[in-house]
Structure formats: structure tokens, C-alpha cells
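Asks: Before I ask anything, here is the structure I am working with.
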Amino acid sequence: MLNKTTFTEFESLAKQSTTIGIYQEIAGDNLTPIGVFLALGKLTQNATLLESTPATGKQARYSYLGLEPLALLTLKNKPNALSQLRKFYQQHRCAIQHPQSGFLGGIVGFIAYDAVRQFENIPNRHQDLEALPDFAFTSYRTNITFDHVTNKIVISRKVVVEKDLTHTFTKAMAKLQQLIELFYQAPTQPLAALQPKFPLSTEVSTEISDEEYCQLVNQAKEYIKNGDIFQVVLSRKFTKKLTASPFSVYRALRMVSPAPYLFYLDRKDYVITGASPEKLISVTKQEVSSFPIAGTRPRSANQEINEQLAIELLQDEKELAEHVMLVDLARNDLGKTCEPGSVSVKSFKQVQQYSHVMHITSEVIGKLQPHHDALDALAAAFPAGTLSGAPKIRAMEIIDELEQSKRGAYGGVICFIDYQGHLNSCITIRTAVIKEGLATVRTGSGIVFDSIPEQEAQETHHKARSILAAIDLAEGGLS
Numbered sequence: 014m015l016n017k018t019t020f021t022e023f024e025s026l027a028k029q030s031t032t033i034g035i036y037q038e039i040a041g042d043n044l045t046p047i048g049v050f051l052a053l054g055k056l057t058q059n060a061t062l063l064e065s066t067p068a069t070g071k072q073a074r075y076s077y078l079g080l081e082p083l084a085l086l087t088l089k090n091k092p093n094a095l096s097q098l099r100k101f102y103q104q105h106r107c108a109i110q111h112p113q114s115g116f117l118g119g120i121v122g123f124i125a126y127d128a129v130r131q132f133e134n135i136p137n138r139h140q141d142l143e144a145l146p147d148f149a150f151t152s153y154r155t156n157i158t159f160d161h162v163t164n165k166i167v168i169s170r171k172v173v174v175e176k177d178l179t180h181t182f183t184k185a186m187a188k189l190q191q192l193i194e195l196f197y198q199a200p201t202q203p204l205a206a207l208q209p210k211f212p213l214s215t216e217v218s219t220e221i222s223d224e225e226y227c228q229l230v231n232q233a234k235e236y237i238k239n240g241d242i243f244q245v246v247l248s249r250k251f252t253k254k255l256t257a258s259p260f261s262v263y264r265a266l267r268m269v270s271p272a273p274y275l276f277y278l279d280r281k282d283y284v285i286t287g288a289s290p291e292k293l294i295s296v297t298k299q300e301v302s303s304f305p306i307a308g309t310r311p312r313s314a315n316q317e318i319n320e321q322l323a324i325e326l327l328q329d330e331k332e333l334a335e336h337v338m339l340v341d342l343a344r345n346d347l348g349k350t351c352e353p354g355s356v357s358v359k360s361f362k363q364v365q366q367y368s369h370v371m372h373i374t375s376e377v378i379g380k381l382q383p384h385h386d387a388l389d390a391l392a393a394a395f396p397a398g399t400l401s402g403a404p405k406i407r408a409m410e411i412i413d414e415l416e417q418s419k420r421g422a423y424g425g426v427i428c429f430i431d432y433q434g435h436l437n438s439c440i441t442i443r444t445a446v447i448k449e450g451l452a453t454v455r456t457g458s459g460i461v462f463d464s465i466p467e468q469e470a471q472e473t474h475h476k477a478r479s480i481l482a483a484i485d486l487a488e489g490g491l492s
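Take a look at the structure:
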């Protein structure tokens, strides 16, 4: 039998909290996150969709769709932003009684790379051309969790407890049922929106040329030779005009570049969508986990060639040195908030295959100290060493000096915290920020002592390839 909140459970929860999460389960074997999103039409304005396809190619257990924003926290150049985020989370927690471990609600959003200035004294010399917030988190009234193992969907809804519990409960459950009925209607998106738009724009603009990027690499190598840093990640942005809908780009991206972290954040003035391979941290109960990625090769369509490339990658002294350095940095970041002696490397130097590239990956874990919470652990690891460098602060100073514009979302995190205080986050890479008909994609490469500038410039192209291919596919039509 499929479960739902009973009045007895509702009555019990009402004694604990003035805000309650009610839920109903339905069979999900004939419904997909994309299909439900399209069927709900205007209800998906300002929605968030999170999905996952691990490197194995199999779909991960849960997908999540947040609808009907109740509250939005947007912070830009604000002092004590982390404290404000923690307060926002506490204000929007609610009591819910459901055995499922997947994300059933909480807050979800992003932290831009440039928010690092909340935590460290980093120069700030660039204009803010994208004009994104430093922090932007949403609490949703309705949360839909797709369990791909049990083929169930859990629809939960926040309810404010009123004096008449029976009336409150009956009205709230009726609202849930009305929403569920919409899942089965035909998509409200007009067919024309899925047809090719002509003429298609194939032109991609870069803020600096390959030659100019190579010059920056050489400047970074001088800092390395002088002992300022061991490694730094230099990025540049690619821009492309967009006529397809942002959600079409997301649909194309999940086909072109399945990844452990797929996300679509629709906000009033912009959309952030991407397919990130890299976790920053997760916190489950007291276990903190980080997943540093460094070392890249482009993938081939030929499996034998891929196997040879993987062997070469693990024999590349430059790539291995960079990876080990960033694993050490992850251990140091976790050590700031974890119990002494609890930080360890769970897996080391594994090659993971993704749609267009392969990477060397490791996993670092630790046990969170009792006086720290998930947000403390996130702040201690932010931004990722794999997107900044080592030592981290000096690397970020050099990034501000050498790069041509603010990073915005790139190198920050997409993040959620559930009602139980569990956190998951991914680094905002392989991502497009879509605003006013323009898609902006930023990619970078890790520069070390023996970097070859032309190869590093080419790596930025390799990393941009999947998201630009998805944009081209969306422009060509998905009908």
C-alpha cells in the first residue's frame, strides 16, 4: 500500500511545530521528472530540478523537483551572509514523518564563487557583468521526490498549522491531490517551442583568445617558479546567443552529458543549468565527504582508445602531482571542522569516465565535530581547491589579477540542506548561466610548474564541449 500522511500523524506533528510537511506517495513507473515538469507548465516558474546519473551510466536513486517558492534569500555583498543563510534555513524547517532518506524539502540554491570574499580578504578588481547574487536560496511549498529504485513518487507540501486541525488537514491533502492530477495531463509547453529555430547561431565568442590565455598561463607559471603557489586554476568564458528555451538546454544536456549532478535552477531573471561531475562536500549525519577531481583527458568513441588514455592519464606525472596536491588540500579543508584523526582518503586516484572527458578522482571523508554544522563544513571547503589552487588564498589573489572578469556562478556550489540538516553540494562547473538570450559558459584548467600553455588552452575547450553541444542540440529542436 502506498503511504500518505494520516490525520493522527498530522495531529501529533502539530504538537511539535507550527509548520508541518504532509505527503502522499504515488506510483512512479509511468512518470518521469521531465514529463512531470512539462505537464505542470506555469507552476514550474522559479522551480528547481535536481537529477543524477553517476559515472556508471545508471540513474541514481533520487530526483527532486521544487515548486511554488515560499521564500527566497538573496544576498549580495552582505556581511555575515553565512549566519543569514543559517537563520533562513532554521526559519523554513518543518516537521515531516516519512521513512524515505531522499531529499523531501529544505532549502536549495547556489553560492557564487565571488562569495569567497565573505570568508577571505580577496581583491575585488573586476566589474560584476553577470550581476548574480552571492547567495540565492529558496524554500519551496511543494517538493516532489522521485525514487527510481522503488518507482514511487513522494509529493510533500508545507502546511501552516491553524486552530481547526481537521479543516487544515483536509484542505492540504486536497491541494496535494489536485497537484497530482496535473501530472497526467498533456504537456502545456507549445509544440513550436520544441521545433528548430532558424537561422541557428553557431558562433561562440570568447572573452580572450587561445594566445591570450597562453600568456596568462605563462604569467601563472612565473608565480609558481617564484614560490607563490604550487597550482592555480585559470578560467575564461565562452558566450553564445540562445533562441531555444533554457529548459530545452537542460533536456539536451542530460542527454549529451549525463553526470552525477544535473541541475536546473529557474529564477526570475536568469537560469543556471549544468551537469557537474564533482561534489564539493556532502554531510550525512556526522560524516563529511569530499570528492576532488583533477587530471583530464578527452574521451574517444573507441573503448580501446579510452582504456589507453586512462593508462596514460595515470602515468602522467604532471596530472598525478596536481591531483595529489588537491587531495591534500581537501584533507586540510575537512580537517577544519572534522574531529582530529577522523579525516582519511577512502578512495585514491580512480579514473572516472564521463560523456566527453575522463578524470582522476579520489574521495576524502571525516567525522564532523559536534559543535559544527553542515554549513560550517561547507564554508571551510569553499571554494573548491580544484577550482582555485594551492595554497588556496594566494591562488585566489592571482586568479583575481589574471582573469578578465568575475567568475559569478562558476566555481561556486549548487547546494541543498534538508529538514534533518543533511547537505549535498556540487561544484558549479560544466554549467551555462542563461540571461537575456545569452548563454555564458566558463571553463578552466589547472596550471602547474610544467604546464604546456597550448595544452591548457585546449583543455578549456574540451571542458566547454559538452555544454556547447547541448546548446546546439537544443537550438536544433528536441521534438
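Take the position in the sequence shown, starting the count at 1, then add 13; the result is the number in our numbering. Where is the CB? At the ideal position from N, CA and C, for every residue including glycine.
1. Is Thr444 buried or exposed, if buried means 16 or more other CB atoms sit within 10 Å of its CB?
2. I'd like the span of the alpha helix (DSSP H) that includes Gly489, first residue to last.
3. Answer yes or no: do Ile447 and Thr453 have a C-beta to C-beta separation smaller than 9 angstroms?
4. Let's test the definition: count the other Cβ atoms within 10 Å of the Cβ of His139 and tell me whether it reaches 16, buried, or not, exposed.
5. Our contact map puts Leu117 next to Thr158 with C-beta atoms below 8 angstroms; I'd like the distance itself, whole angstroms only.
6. Kindly confirm or deny that the region 129-144 and the region 403-410 touch, where touching means at least three C-beta pairs closer than 8 angstroms.
7. Cutting at 6 angstroms between CB atoms, please list the residues of its own chain near Gly421, excluding the five before and the five after it.
8. Could you please give the first and the last residue of the uninterrupted alpha helix (DSSP H) stretch that includes Gln363?
9. Where does Lys292 sit, in a helix, a strand or coil, going by DSSP?
10. Please report the straight-line C-alpha distance between Leu322 and Leu381, rounded to a whole angstrom.
11. Return the residue from the list Lys405, Ile168, Asn43 that minimises the CA-CA distance to Thr155.
12. Can you tell me whether Gln208 is buried or exposed, with buried defined as 16 or more other CB within 10 angstroms of its CB?
13. Since I believe Thr151 is in contact with Gly54 (beta carbons under 8 angstroms), could you give me their beta-carbon distance rounded to a whole number of angstroms?
14. Quick one: Cα of Asp485 to Cα of Lys17, how far?
15. Quick check on the DSSP output: the alpha helix (DSSP H) that includes Arg344 runs from which residue to which?
16. Between the C-alpha atoms of Thr163 and Gly41, what's the straight-line distance to the nearest angstrom?
17. Below 9 angstroms between beta carbons: does that hold for Glu64 and Phe260?
18. Using alpha carbons as the reference points, say which of Asn437, Ala387, Asp463 lies closest to Glu330.
19. Just the Cα atoms here: how many angstroms apart are Leu88 and Ala52?
20. Spatial neighbours of Met338 within its chain, please: CB distance less than 7 angstroms, with the 5 preceding and 5 following residues excluded, ordered by chain position.
21. Applying the criterion that 16 or more other CB atoms from any shown protein chain within 10 Å of the CB defines a buried residue, is Ala60 buried or exposed?
22. Taking the Cβ atom as the reference point for each residue, do Cys439 and Leu391 lie within a distance shorter than 9 angstroms?
23. Let me know the secondary structure DSSP gives Ile193 once reduced to three states.
24. Kindly indicate which three-state DSSP category Phe462 falls into: helix, strand or coil?
25. Return the chain-ordered list of same chain residues with a C-beta closer than 6 angstroms to the C-beta of Ile480, the five sequence neighbours on each side being excluded.
26. Which one of Gln471, Glu469, Ser248, Asp431 has the shortest CA to CA distance from His105?
27. Between the alpha carbons of Gln366 and Pro311, how many angstroms are there, rounded?
28. So if DSSP puts Glu376 in a beta bridge, which residue, or which two residues, is it bridged to?
29. For Lys476, verify whether its CB is less than 8 angstroms away from any heavy atom of the ligand ATP.
30. Here's a check: name, in chain order, each residue in its chain whose Cβ is nearer than 7 angstroms to the Cβ of His111, leaving out the five neighbours to either side.
31. Per DSSP, what kind of secondary structure is Pro273 in: helix, strand or coil?
32. Buried or exposed: where does Val173 fall if 16 or more other Cβ atoms within 10 Å of its Cβ makes it buried?
33. Per DSSP, Asp279 forms a beta bridge with which residues?
34. Keeping to the same chain, check which residues put their C-beta closer than 8 angstroms to that of Ile81; ignore five residues upstream and five downstream.
35. From which residue to which residue does the alpha helix (DSSP H) around Cys13 run?
36. Exposed or buried, Ile294, counting other C-beta atoms within 10 Å across all chains shown (16 or more means buried)?
Replies: On the basis of the data shown:
1. buried
2. 466-489
3. yes
4. exposed
5. 6 angstroms
6. yes
7. Ala125, Glu143, Leu145
8. Segment 357-366 is the beta strand (DSSP E) holding Gln363; no alpha helix (DSSP H) there.
9. strand
10. 37 angstroms
11. Ile168
12. Residue placement at Gln208 is poorly supported in this model, since its pLDDT is 47, which falls under 50; the coordinates still yield a value, given next. It is exposed - the Cβ of Gln208 has fewer than 16 other Cβ atoms within 10 Å.
13. Actually they do not touch by this definition, with Cβ atoms about 19 angstroms apart.
14. 43 angstroms
15. 330-348
16. 8 angstroms
17. no
18. Asp463
19. 32 angstroms
20. Phe243, Gln244, Ala403
21. buried
22. no
23. helix
24. coil
25. Arg443, Ala445, Val454
26. Asp431
27. 10 angstroms
28. Ser360
29. The model on display carries no ligand, and the ligand ATP is accordingly not part of it.
30. Tyr36, Leu117, Val167
31. coil
32. exposed
33. Val284
34. First, the residue type needs correcting, since residue 81 is Glu and not Ile in the sequence shown. Excluding residues within five positions, the ones whose Cβ falls inside 8 angstroms are Leu56, Tyr153, Arg154, Thr155.
35. It is not possible to answer for residue 13, since the shown part of the chain is limited to 14 through 492.
36. buried
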